[in-house]
Amino acid sequence: MALLECEGLTRLFGGLRAVGSLSFEVGAGEIVGLIGPNGAGKTTVFNLITGFLRPSSGSIRLDGREIAGLKPHEVTRRGVARTFQIVKPFPGLSVRENVTLAAFLRHRSRGDAESEADGVLDRVGLAHRADARAGELTLMDQKRLEMAKALATAPRVLLLDEPMGGLNPSEVDVASAIVLKVRQAGVTVVLVEHVMKAIMRISDRVVVMHHGEKIAEGPPASAVRDPAVIAAYFGHRAA
Amino acid sequence: MSRTAAIGWAAGVAALAVLPFAVRNVFLLHVVILVFMWTVLGAAWNVLGGFAGQVSFGHAALFGIGAYTTIILFLKAGVAPWWGILAGGVAAAVGSVPVGLICFRLRGPYFSLATLAVAELAKLVALNWEWLTNGPVGFLITTLPPLSLFGHPVDWEAKAPFYALAALLMLVALGSTAWLSRSRLGAFLVAIREDEDAAEAVGIDTVRAKVLTLALSGFLAGLGGGFYAFYFRYVDPDAVLNIGLSMEMVFIAMVGGLGTVAGPFIGAVFLTTIGEAVREHFQVGHLIFYGLFMMIVIRFLPEGIWGRARLAWARGRTGARRHGAA
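Residue numbers (the numbering used here), protein chains in the order written: chain B, 1 to 239; chain P, 1001 to 1326.
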């Protein structure tokens, strides 16, 4: 059975169908890329899964249990963590305090939460900035922090919303390596990403969306050759 | 608790014990009692506004619930006011829960406006529910019940018993703020203040945290209101459900330093003494000076007096450490 399943997921904004009857599955230990042109509804899917939006209809199951309609903090508690496309650190707090707050979800005492936070910061390569104010970090380090906060909640599924957006090519390599390391530690990953080089290299499978619907699914190399995908990105003449 | 904080608390309690013997002037003692009462109220606002960043303009309602509970329990049911103060705190805490569940659906300025509306509603209820509140006439306590402490009858015409009670309430308020600042809940509130969506994303039940904090805030504001009724012996809608009270609590917390433990005390010391002093000298227009002081603080000390002092202290220490290393 798949770890995360979306079935007939639909979300309407007034007359606009941002996501329409979307179904896909993510197996335990997979890295799945969610791709598609701007406005395809990828971030909306993340907001639906993590409870920031309620689905108009459809179901979302984690390990067979329904999670659609739960509040964001309840979804995180069940084991689905996320990062935001536009990073959301607690800017006035130090990096360590940021991650400690997330670690409080699984640890009652401040000491335990802090040592958990230090461990996670080490994993994402941010340990040397632990005492810096989160608002003062470079973009790359803010993306690391965003991931560290999500990991500190000890998720089973990690949803990454454009973890590489705005990074330079060598930073993209570093970020890709971190994502692979996260999967190695047993966390299932779904990522929305526009940096194709990274998607092609690290994802096992991609789900391609266009106008809120799934138009293709499969290994990244074959999905990008799918005529429907080429048409979505470059127009019908290119396909 | 850090050593500096422990020394601070010990010195503070010692000063509280000595002060009434050092100050013989009745008016001065009255001002000190007011400072303590406003510290409680500033601390009440601070736990919600300073720590959680939820700006309420409606705390007069919680203050009023405390004041009315204390005076009504005494005049209609014969409950001694010192127990009534506690009941006032509990009533305000309980009353704040439904208010929180409704108002916390809104964020930022919309939340603030909703609390303003709640306070106005509370005042209208007090004005019109005459069976319970006596309407605009209000209540007056003519004689306080006799009480003996350690074999001595308490003299309710003196300032000393009220001084002791106000000091005790202030310790409760500052103590619970200190507890909050170290607790997990306190850490969650800071996260909510910084970014509410990010707080939810790391698994913090933001509504629960805010409602709990509002209940604590309501309890403290209710204690303050109960004390007001006991000390001034007079309660009517204009006196205890006035928008000015809500504003005063905001100002005290801001001038002292938002989200700090000692801030409300510092704010109350400055604002109460300045308020009383200019009222002495200028019968008309004394609020102008009060406003001027507020403007100066907001312009030059946005982190508050105590907030700025703490920053300077922290900077001095890191500076010294760097110097020591070099």
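Where is the CB? At the ideal position from N, CA and C, for every residue including glycine.
Task: Sequence-distant residues of its chain with Cβ nearer than 8 angstroms to R96/B (five each side left out) - done: Cβ neighbours of R96/B within its own chain (closer than 8 angstroms, five residues either side excluded): E114, A117, D118, L121, A130 and D131.
Open item on the list: Please confirm whether A1199/P has its beta-carbon closer than 9 angstroms to some beta-carbon of chain B.
Closed with: With a threshold of 9 angstroms between beta carbons, A1199/P makes contact with chain B.
Open item on the list: With H, G and I counted as helix, E and B as strand and the rest as coil, what does DSSP make of K42/B?
Closed with: The answer is helix: DSSP assigns K42/B an H, G or I state.
- [ ] Can you grab the Cα-Cα spacing for the pair D1205/P / I60/B, in whole Å?
- [x] Each residue's alpha carbon lies about 21 angstroms from the other.
Task: Within 9 angstroms, strictly: CB atoms of T44/B and V19/B - done: Yes, these two residues count as a Cβ contact at 9 angstroms.
TODO: Return the bridge partner residues of P1153/P from the DSSP annotation.
DONE: In DSSP, P1153/P forms a bridge with S1148/P.
Open item on the list: Going by beta-carbon coordinates alone, are H107/B and G1203/P separated by less than 9 angstroms?
Closed with: Not in contact: H107/B and G1203/P (Cβ atoms no closer than 9 angstroms).
Task: C-alpha gap between P1264/P and W1038/P, whole angstroms - done: Between P1264/P and W1038/P, the C-alpha separation is close to 8 angstroms.
- [ ] Would you list the residues sitting across from H210/B in a DSSP beta bridge?
- [x] Looking at the DSSP assignment, H210/B forms a beta bridge with E213/B.
Open item on the list: So, at 8 angstroms on beta carbons, what are the nonlocal neighbours of L1086/P in its own chain, with the 5 sequence-adjacent residues on each side left out?
Closed with: Closer than 8 angstroms at the Cβ level, and outside the excluded window around L1086/P, lie L1223 and G1226.
- [ ] Run through the stretch 1071 to 1155 of chain P for me and flag every whole alpha helix (DSSP H) of 4 or more residues, listed as ranges in chain order.
- [x] Qualifying alpha helix (DSSP H) stretches, in chain order: 1081 to 1103, 1108 to 1128 and 1130 to 1133.
TODO: Could you name the residues of the same chain whose beta carbon sits closer than 6 angstroms to that of G1259/P, not counting the 5 residues immediately before and after it, in chain order?
DONE: Excluding positions up to five away in sequence, the list reads G1050 and F1051.
TODO: In the DSSP assignment, find the unbroken beta strand (DSSP E) run with I1204/P in it and report its ends.
DONE: Note, I1204/P: premise wrong, no beta strand (DSSP E); not H, not E.
TODO: State whether the stretch 1086 to 1101 of chain P contacts the stretch 1190 to 1204 of chain P, with contact taken as three or more CB pairs (one from each stretch) at a distance under 8 angstroms.
DONE: Counting Cβ pairs under 8 angstroms, fewer than three are found: no touch.
Open item on the list: Comparing C-alpha positions only, which one of V26/B, L16/B and K181/B sits nearest to E7/B?
Closed with: Closest option to E7/B, Cα to Cα, is V26/B.
Open item on the list: When you compare the stretch 63 to 81 of chain B with the stretch 1161 to 1181 of chain P, are there three or more beta-carbon pairs, one atom per stretch, that lie closer than 8 angstroms?
Closed with: Counting C-beta pairs closer than 8 angstroms gives fewer than three between the stretch 63 to 81 of chain B and the stretch 1161 to 1181 of chain P, which falls short of the contact rule.
Task: Within chain P, partners of A102/B - CB distance below 8 angstroms - done: Neighbours of A102/B on chain P, chain order: V1202 and G1203.
Open item on the list: Can you look up D226/B in the DSSP assignment and give me helix, strand or coil?
Closed with: Of the three classes helix, strand and coil, the one that applies to D226/B here is coil, per DSSP.
Open item on the list: Below 9 angstroms on C-beta distance, what does L137/B contact in chain P?
Closed with: Within 9 angstroms Cβ-Cβ: nothing; L137/B doesn't reach chain P, min ~14 angstroms.
Open item on the list: Measuring only the C-alpha atoms, how far is L16/B from I215/B?
Closed with: About 18 angstroms.
Open item on the list: Is the beta carbon of M164/B closer than 9 angstroms to that of K149/B?
Closed with: In this structure, K149/B sits away from M164/B, with a CB-CB distance that is not shorter than 9 angstroms.
TODO: Starting from I1305/P, follow its DSSP beta bridges and name the residues at the other end.
DONE: Per DSSP, none; premise fails for I1305/P.
Open item on the list: Which residue marks the beginning of the alpha helix (DSSP H) containing G1267/P, and which one marks its end?
Closed with: Per DSSP, the continuous alpha helix (DSSP H) segment holding G1267/P begins and ends at G1263 to H1281.
Open item on the list: The alpha helix (DSSP H) that contains R106/B, what's its start and end?
Closed with: Segment: none, R106/B is in no alpha helix (DSSP H) and carries neither H nor E.
Task: Distance, L1241/P Cα to E1280/P Cα - done: Straight-line Cα distance between these residues: approximately 25 angstroms.
- [ ] Indicate the three-state DSSP secondary structure (helix, strand or coil) for D131/B in the structure shown.
- [x] DSSP places D131/B in coil when its eight states are reduced to three.
TODO: Could you tell me whether the stretch 62 to 69 of chain B touches the stretch 98 to 106 of chain B, where touching means 3 or more Cβ pairs closer than 8 angstroms?
DONE: Counting C-beta pairs with one atom in each stretch, the stretch 62 to 69 of chain B and the stretch 98 to 106 of chain B have fewer than three that are closer than 8 angstroms, which means they do not touch.
Task: Pair within 9 angstroms by beta-carbon distance, R240/B and S94/B - done: Nothing can be reported for residue 240/B, as the shown portion of chain B is limited to 1 through 239.
- [ ] Give a yes or no on whether the minimum CB-CB distance between T43/B and chain P is below 9 angstroms.
- [x] Answer no: the Cβ-Cβ gap between T43/B and chain P never drops below 9 angstroms.
- [ ] Could you tell me whether any non-hydrogen atom of the ligand PLP is closer than 8 angstroms to the CB of T1272/P?
- [x] By its list of ligands, the structure shown contains no ligand whatsoever, and the ligand PLP lies outside what it can speak to.
TODO: Can you tell me which of the three DSSP states V32/B falls into?
DONE: Note: V32/B maps to strand in three-state DSSP.
Task: Interface positions of the stretch 14 to 47 of chain B facing chain P (Cβ-Cβ less than 9 angstroms), listed along the chain - done: Going along the stretch 14 to 47 of chain B in chain order, one finds no residue with a Cβ nearer than 9 angstroms to chain P.
TODO: Within its chain, find whatever has a CB closer than 6 angstroms to the CB of W1156/P; leave out the 5 residues flanking it on each side and keep chain order.
DONE: Same-chain partners within the cutoff: L1144.
Task: Three-state secondary structure (DSSP) of V1023/P - done: Coil, per DSSP.
TODO: Have a look at the DSSP bridge pairing and note the partners of V189/B.
DONE: The partner list for V189/B (beta bridge, DSSP) reads I31/B and L158/B.
- [ ] Kindly identify the DSSP beta-bridge partner or partners of S59/B.
- [x] Partner(s): E7/B.
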